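Novice: Attaching a single structure in structure tokens format; questions to follow.
Residue numbers (my numbering), protein chains in the order written: chain A, 1 to 447; chain B, 448 to 894.
In structure tokens form, the structure reads like this:
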């Protein structure tokens, strides 16, 4: 069903006082779609839709609501009403929500949970944002190496309703150290009397609670895993991260990296929902920094004031030359930033890439020089044409090499290479462009 | 094991003529890691490592080799030797490889396959690149609605070794129309005599062969699916796309989008492996286009030559003002391009976002004006300070609104909003910056 039709149906049901019946009428609607649709309504209406759901669906739909709406519900709906839902939400979602609440709101929520759930919640929510610990769930199936296949399948059947996945089960020893992993596929193909220790994959690939979410997602993608077991510093199993979390992480990291290409700080919520002041804060820092970078270009121009005053026609070509330098630099910089982020290239590849970039940028410079030489001749005659063509060749080369090298330089000093955004590279390439242009012009015109 | 140690071990084994034994010695190494390591060797050595593997591992390791190495193997190793591997590779990987081979190479490969495999291969490889059809696999399990749970589990057990996943099985009718989906979890929890038609989810979410890979990945992420069934135009089931393919698609699309922010064309292979001419081709188009964009800025400057010649101090502030306009524009443009790509915002949100952007950009402009007014005073006195501050305020606003609107405008005319890259917005904002700066200066200085 189209989202707009669904919303209209919900609106009608509110008007005819049948909101509590609408979910049943919407035969087989997916909880994601229902969650998206009801999140368009004010909190009190949303609560009518949510509370009318059958119990298992309530937690599912709640999980798919945007976090800011979850927070609004947690603060505006009485604890007694909300507690049954919160108890059924998966532990990692619950920890996420908990981290967004104020101290007082947390205090109000905790008594609604059983002691074991409370401890689990406090543990899960103690991990730093951006780490594996912050996205893992404690809802996984543990098996003993001594179980046989029949016993293991019984465990899976019994625990399935409460677990995030039963397709991978983890084998731990008495100290809770992770010793193996077994898939449901292996279990249903194996002879029923086989012992888990004979069936399992030993020393499975695992992540650490402190690993970054990006590294965890990379492992999941590289090894095509359904879930990655997470261990603490003593190698004890503490949770799993599932493939669907990895998908969310990859998309969120891509958004962050794309924003960084334009010097925008990390934005946790949708641009549509972000407040004016939040957007201001995420944007103002680098804009002001770059103003000071551009002062160097201004100073470069001021230095050549006499040449410019004598040959004011030179100014016509200024935007075109420094623009091309910056654009070529943004291209090579962006290529490097992304390749470093995906692990496609390493620090040690700089030399080889530099040699290649010299040839690519040389070709680009020649093409660009050819593209503007006629324009130079038409606007300023032979001398200007020569100056513009020579400068174009050199600024494209200089911009490209600056763009290529800056991400490596930042990486080398343990800074985030993504800081080498298009605007930063453009600012630096602009200075190089101004200086190259007017030095070549001054030199050539005084020959 | 560290990649470098693994490669050293492989090298030693070549020298001591024990390459055919090395995989066994490397207890429990993951096929991905083995594939990465052997791909560092020349093809003839690589073949020694690959051919020495036990049969089921050969196909796994082969699948994880980079596609250019798969192609090199297909062309340099005799068909009789390679055929047993190719036959075991999963259909989607085989179709991928097939699409990279020349007509002759394809002709050589086909006889190695059974007739059914051949038809499947030709069908899979017939789909256009970038569509669901091109990444789907035909290795999925089909069930009949009339089966009971025991029968269904028998089917899964029998077919498991050859299927990409058995965690989702698809229920089709006699016309092969997709009527339901059932998960292995549901199957092992259900009473053994229950019929599939009572257990299955009816009308499951599905994609069409012609959908873009991006849309498919979005569906998989949105509904947290393990696999998405793909249907043809007559709604007949033709394949599945699994979550691991979705992860690869999301990462590849992010790379493409990040490259677009800097006007780089779609690059299918790593920047490390790309040839000089390929990189040149992917970069030159927009660089040349933007040169012509920058001519307008040059013309703007030429138009105000008299004002500039009379007040050459104005030039000092030119890079700083047009730079800020472009940077603010790149920020708001990038925010919109990404939000449109992820579906966070729609075309109809333009009005609301425009109102918000006016306020954000207004605040940014005020801050930036405050940041430069002192510099204006110091370099040029009271008049210049006023002109620079007023211009800064206006160019940040103008740049931001251009950056915000351009992606919507492109979307509106069914063009890719990502074409509104930083450099394109910067070029347009530059023109606005030049014109605003010198008109304000001319007007104010002639008051």
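The beta-carbon is built from N, C-alpha and C at its ideal position, and this holds for glycine as well. Note that this is a predicted model, so its numbers are computed, not measured.
Scan the stretch 763-777 of chain B for residues whose Cβ lies nearer than 8 Å to a Cβ of chain A and list them as they occur along the chain.
Specialist: Against chain A - using a Cβ distance shorter than 8 Å - the residues of the stretch 763-777 of chain B are 763, 764, 765, 766, 767, 769, 770, 771, 773, 774, 775 and 777.
Novice: What does residue 259 of chain A touch in chain B if you count any residue whose Cβ is under 8 Å from its own?
Specialist: Residues of chain B passing the Cβ test: 781, 782 and 785.
Novice: Measure the alpha-carbon distance for residue 82 of chain A versus residue 110 of chain A and round it to whole angstroms.
Specialist: Whole-angstrom Cα-Cα distance: 12 Å.
Novice: Which residues in the same chain as residue 369 of chain A place their Cβ atom closer than 6 Å to its Cβ, once the five residues preceding and following it in sequence are excluded?
Specialist: Closer than 6 Å at Cβ, skipping near neighbours: 389, 392 and 393.
Novice: Whether or not the stretch 846-855 of chain B and the stretch 769-780 of chain B are in contact is what I'm after, with contact meaning three or more pairs of Cβ atoms, one per stretch, closer than 8 Å; do they touch?
Specialist: Taking 8 Å as the limit for Cβ pairs, the verdict is that the stretch 846-855 of chain B does touch the stretch 769-780 of chain B.
Novice: Would DSSP call residue 613 of chain B helix, strand or coil?
Specialist: Note: residue 613 of chain B maps to coil in three-state DSSP.
Novice: In whole angstroms, give me the CA-to-CA distance for residue 7 of chain A and residue 811 of chain B.
Specialist: Near 37 Å, if we compare the C-alpha coordinates of residue 811 of chain B and residue 7 of chain A.
Novice: Around the Cβ of residue 163 of chain A, are there at least 16 other Cβ atoms within 10 angstroms (buried) or fewer (exposed)?
Specialist: Buried, by the Cβ-count rule.
Novice: Nearest by alpha-carbon distance to residue 356 of chain A: which of B/843, B/486, B/736 and B/723 is it?
Specialist: Ranking B/843, B/486, B/736 and B/723 by Cα distance to residue 356 of chain A puts B/723 first.
Novice: Does the count of Cβ pairs from the stretch 408-417 of chain A and the stretch 263-275 of chain A closer than 8 Å reach three?
Specialist: Counting Cβ pairs under 8 Å, fewer than three are found: no touch.
Novice: Could you list the residues in the stretch 739-760 of chain B with a C-beta less than 9 Å from some C-beta on chain A, going in chain order?
Specialist: For the stretch 739-760 of chain B, which is checked against every Cβ of chain A, the residues closer than 9 Å are 739, 740, 741, 742, 743, 744, 745, 746, 747, 748, 749, 752, 755, 756, 759 and 760.
Novice: Indicate whether the contact test is met: 3 or more Cβ pairs, each with one atom in the stretch 128-142 of chain A and one in the stretch 201-218 of chain A, closer than 8 Å.
Specialist: Yes, the stretch 128-142 of chain A touches the stretch 201-218 of chain A.
Novice: Is any beta-carbon of chain B found at less than 8 Å from that of residue 42 of chain A?
Specialist: Residue 42 of chain A does not count as touching chain B.
Novice: Against chain B, does residue 198 of chain A count as a neighbour if the rule is that its beta carbon must be under 8 Å from one of theirs?
Specialist: Chain B, which has no Cβ nearer than 8 Å to the Cβ of residue 198 of chain A, makes this no.
Novice: From residue 472 of chain B to residue 221 of chain A, what distance separates their C-alpha atoms?
Specialist: Each residue's alpha carbon lies about 26 Å from the other.
Novice: Would you kindly check if the distance between the Cβ of residue 470 of chain B and the Cβ of residue 500 of chain B is under 8 Å?
Specialist: Result yes, Cβ atoms of residue 500 of chain B and residue 470 of chain B sit closer than 8 Å.
Novice: By alpha-carbon positions, which one of B/519, B/485 and B/627 ends up nearest to residue 467 of chain B?
Specialist: Answer by Cα proximity: B/485.
Novice: Spatial neighbours of residue 267 of chain A within its chain, please: C-beta separation below 7 Å, excluding the five flanking residues on both sides.
Specialist: Cβ neighbours of residue 267 of chain A beyond the five flanking positions: 259, 274 and 282.
Novice: So the alpha helix (DSSP H) residue 315 of chain A belongs to, where does it begin and stop?
Specialist: Unbroken run through residue 315 of chain A: none, as it is neither H nor E.
Novice: Considering just the uninterrupted stretch of the alpha helix (DSSP H) at residue 676 of chain B, what are its terminal residues?
Specialist: Unbroken run through residue 676 of chain B is the beta strand (DSSP E), 674-678; no alpha helix (DSSP H).
Novice: For residue 4 of chain A, tell me which candidate among A/17, A/139, A/36 and A/27 has the shortest Cα-Cα distance.
Specialist: Checked all of A/17, A/139, A/36 and A/27; the closest Cα to residue 4 of chain A is A/36.
Novice: From this set, B/590, B/489, B/757 and B/789, which residue's C-alpha is nearest residue 618 of chain B's C-alpha?
Specialist: If we check each option's Cα against that of residue 618 of chain B, B/590 comes out closest.
Novice: Along chain B, in chain order, which residues have C-beta atoms closer than 9 Å to that of residue 140 of chain A?
Specialist: Those within 9 Å of residue 140 of chain A in chain B number zero; the least Cβ separation is about 14 Å.
Novice: With a threshold of 8 Å on Cβ separation, who are the neighbours of residue 646 of chain B within its own chain once the five nearest residues in sequence on each side are excluded?
Specialist: Hits under 8 Å: 596, 629, 633, 634 and 637.
Novice: Could you tell me the distance, in whole angstroms, from the CA atom of residue 559 of chain B to the CA atom of residue 549 of chain B?
Specialist: Each residue's Cα considered, the two are about 16 Å apart.
Novice: Could you pull the DSSP bridge partners for residue 479 of chain A from this structure?
Specialist: This structure does not reach residue 479 of chain A, given that chain A is present from 1 up to 447, and the question cannot be answered.
Novice: Should residue 481 of chain B be flagged as near chain A, meaning a C-beta pair shorter than 8 Å?
Specialist: For residue 481 of chain B, the answer is no, since every Cβ of chain A falls outside 8 Å of its Cβ.
Novice: Note down, in chain order, every chain B residue with its Cβ under 8 Å from the Cβ of residue 359 of chain A.
Specialist: The answer, in chain order, is 723.
Novice: At 9 Å on the CB atoms, spell out the chain B contacts of residue 423 of chain A, in chain order.
Specialist: Chain B residues near residue 423 of chain A: 770, 773, 774, 777, 778, 869 and 873.
Novice: According to DSSP, is residue 823 of chain B part of a helix, a strand, or is it coil?
Specialist: DSSP places residue 823 of chain B in helix when its eight states are reduced to three.
Novice: Please list, in chain order, the residues of the stretch 151-182 of chain A that have any C-beta partner in chain B closer than 9 Å.
Specialist: The stretch 151-182 of chain A vs chain B, Cβ under 9 Å: 153, 156, 157, 160, 161, 165, 166 and 167.
Novice: Which of helix, strand or coil does DSSP assign to residue 342 of chain A?
Specialist: Of the three classes helix, strand and coil, the one that applies to residue 342 of chain A here is helix, per DSSP.
Novice: Let's see if you can read the secondary structure: which residues bound the alpha helix (DSSP H) around residue 155 of chain A?
Specialist: Residues 149-159.
Novice: What's the C-alpha gap between residue 137 of chain A and residue 465 of chain B?
Specialist: Using only the alpha carbons, I get a separation of about 44 Å.
Novice: At the level of alpha carbons, what is the spacing between residue 339 of chain A and residue 717 of chain B?
Specialist: Taking the straight line from one Cα to the other gives about 8 Å.
Novice: Kindly indicate if chain B contains any beta-carbon less than 8 Å away from that of residue 280 of chain A.
Specialist: Yes, residue 280 of chain A counts as interfacial toward chain B.
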